[in-house]
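Student:
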Amino acid sequence: MFSILTGAMLLTGCGEDNNEAADTEGAPDEIVMGFVPTTDSDEIASTVEPLAERLSEILDRPVEGTVMTSFSALVEAMGNGQAHIGFLPAFGYVQGNEEYGIEVMLKSERDGADSYRAQYVVRADSGLETLEDLEGTQWTFPDVASPAGYLFPAAHIGEEIDGVQDAETEFFSGVLEAGSHDNALIAVMEGEMDVATTYEDAREVILDDYPDAMEDLTVIDYTDDIPNDTISIMPELDEGLADDIKEAFLQFNEEEEMIQIMNDVYRWDAIVEAEDSDYDIVRETYEAFRDEIDVDDL
Numbered sequence: 001m002f003s004i005l006t007g008a009m010l011l012t013g014c015g016e017d018n019n020e021a022a023d024t025e026g027a028p029d030e031i032v033m034g035f036v037p038t039t040d041s042d043e044i045a046s047t048v049e050p051l052a053e054r055l056s057e058i059l060d061r062p063v064e065g066t067v068m069t070s071f072s073a074l075v076e077a078m079g080n081g082q083a084h085i086g087f088l089p090a091f092g093y094v095q096g097n098e099e100y101g102i103e104v105m106l107k108s109e110r111d112g113a114d115s116y117r118a119q120y121v122v123r124a125d126s127g128l129e130t131l132e133d134l135e136g137t138q139w140t141f142p143d144v145a146s147p148a149g150y151l152f153p154a155a156h157i158g159e160e161i162d163g164v165q166d167a168e169t170e171f172f173s174g175v176l177e178a179g180s181h182d183n184a185l186i187a188v189m190e191g192e193m194d195v196a197t198t199y200e201d202a203r204e205v206i207l208d209d210y211p212d213a214m215e216d217l218t219v220i221d222y223t224d225d226i227p228n229d230t231i232s233i234m235p236e237l238d239e240g241l242a243d244d245i246k247e248a249f250l251q252f253n254e255e256e257e258m259i260q261i262m263n264d265v266y267r268w269d270a271i272v273e274a275e276d277s278d279y280d281i282v283r284e285t286y287e288a289f290r291d292e293i294d295v296d297d298l
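Numbering of the sequence shown is given in the numbering used here, commencing with residue 1 and proceeding in unit increments.
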């Protein structure tokens, strides 16, 4: 069963019985698993429904999938006991851990790695070849809450370029918040901006509209590694149930259909164990840019 949640309110598909089950601490009769759409909410709900059904079979109790409107809404629902499992990105997890004590359990693996990098992308014919060459250029990024799009590149420039404390105002001559990784790349592709920062390698997402993007856009530098997104659990969940949930997700690595669902939704190739300390680098960056981040965008 799937519904759409915003904050702590169920908008569709759940009645009082489900809310009561979701609020039960410890070992609830029904488990609520929260997602945030990267595409249309109805599309993601129908795609991951078999995932909830399979998890329900393994755990021998109902599992309801809930599509949230934002990462902050999912964090709030988990903190308030309305969602027991959440697919949270790195910054969403750090914020939820700090505010509510949400615990990381597992994380994604893509292309054999449990982390990824941000990249600096320019037009191949721009003459820009190094990070230093970007001084005075026009910078576009998805949004200020994006780890790969803004936060890690901004921190990286501050570390690599002497005297720069604020990349946005001291290093670049202009900036554009593009709203998404593909929009940022398109702005560079169309010559509207000089450099885009995105996750590695986001050029692939615009190939349908720009078949030559891999040749026309070139990557000139990368940031340090950013830990992948998480499967996290609400605080005070029964320890035995938490262990069962963890083993159930790890079992999905052996079930091709389940992993294909995760790949279709979030580009996960595998599910691996995670520890809170894996996200210390994210905490440091979050702290440095806390005043600039709207948690509603996490």
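Even glycine gets a Cβ: it sits at the ideal position worked out from N, Cα and C.
Please read all numbers here as calculations on a predicted model, not as lab measurements.
Could you tell me which residues DSSP pairs with W139 in its beta bridges?
Tutor: The residue labelled residue 139 in the question sits at position 139 within the sequence shown. Answer is V175 and V195, bridged to W139.
Student: Within its chain, find whatever has a CB closer than 7 angstroms to the CB of D244; leave out the 5 residues flanking it on each side and keep chain order.
Tutor: The sequence position of residue 244 within the sequence shown is 244, counting from 1. Cβ within range, chain order: L59.
Student: Quick one: Cα of R283 to Cα of G136, how far?
Tutor: Locating residue 283 in the sequence shown gives position 283, counting from the first residue. Locating residue 136 in the sequence shown gives position 136, counting from the first residue. Cα-Cα distance, rounded: 29 angstroms.
Student: Could you give the distance in angstroms between the alpha-carbon of S3 and the alpha-carbon of E256?
Tutor: Within the sequence shown, numbered from 1, the residue matching residue 3 stands at position 3. Within the sequence shown, numbered from 1, the residue matching residue 256 stands at position 256. Unreliable placement is indicated for S3, whose pLDDT of 47 sits below 50; the coordinate value is still reported in the next sentence. Taking the straight line from one Cα to the other gives about 26 angstroms.
Student: To which residues of the same chain is I31 closer than 6 angstroms at the C-beta, ignoring the five residues directly before and after it?
Tutor: Your numbering for residue 31 matches position 31 in the sequence shown. Excluding residues within five positions, the ones whose Cβ falls inside 6 angstroms are V63 and H84.
Student: When you compare only the Cα positions, how much space is there between D143 and D208?
Tutor: Counting from one through the sequence shown, the residue named residue 143 turns up at place 143. Counting from one through the sequence shown, the residue named residue 208 turns up at place 208. Going from the Cα of D143 to the Cα of D208 covers about 23 angstroms.
Student: Quick check: the Cα distance between A113 and Y266, rounded to an integer number of angstroms?
Tutor: Taking the sequence shown and counting its residues from 1, the one referred to as residue 113 is at position 113. Taking the sequence shown and counting its residues from 1, the one referred to as residue 266 is at position 266. Rounded to whole angstroms, A113 to Y266 spans 15 angstroms at the Cα level.
Student: Could you give the DSSP three-state label for T169: helix, strand or coil?
Tutor: Along the sequence shown, read from residue 1 onward, the residue named residue 169 stands at position 169. Helix, per DSSP.
Student: Give the range of the beta strand (DSSP E) segment to which A118 is assigned.
Tutor: In the sequence shown, the residue the question calls residue 118 occupies position 118. Unbroken beta strand (DSSP E) run through A118: A118 to R123.
Student: Using only the alpha-carbon positions, how far apart do A187 and A242 sit?
Tutor: Counting from one through the sequence shown, the residue named residue 187 turns up at place 187. Counting from one through the sequence shown, the residue named residue 242 turns up at place 242. About 44 angstroms.
Student: Residue range of the alpha helix (DSSP H) that E307 falls in?
Tutor: Any answer about residue 307 is impossible in this case: the structure gives the chain only from 1 up to 298.
Student: Give a yes or no on whether the C-beta atoms belonging to Y120 and T197 are separated by under 8 angstroms.
Tutor: Along the sequence shown, read from residue 1 onward, the residue named residue 120 stands at position 120. Along the sequence shown, read from residue 1 onward, the residue named residue 197 stands at position 197. Taking 8 angstroms as the Cβ cut-off, Y120 and T197 qualify as a contacting pair.
Student: Can you tell me where the alpha helix (DSSP H) holding S70 begins and where it ends?
Tutor: Within the sequence shown, the letter at position 70 stands for residue 70. Element bounds for S70: n/a, residue is neither H nor E.
Student: With DSSP collapsed to three states, give me the class of L106.
Tutor: Looking up residue 106 in the sequence shown gives position 106. In the structure shown, L106 sits in a strand (DSSP, three-state: E or B).
Student: I'd like to know if the segment 222-231 and the segment 147-157 are in contact, where contact means that at least 3 CB-CB pairs between them fall below 8 angstroms.
Tutor: Yes, the segment 222-231 touches the segment 147-157.
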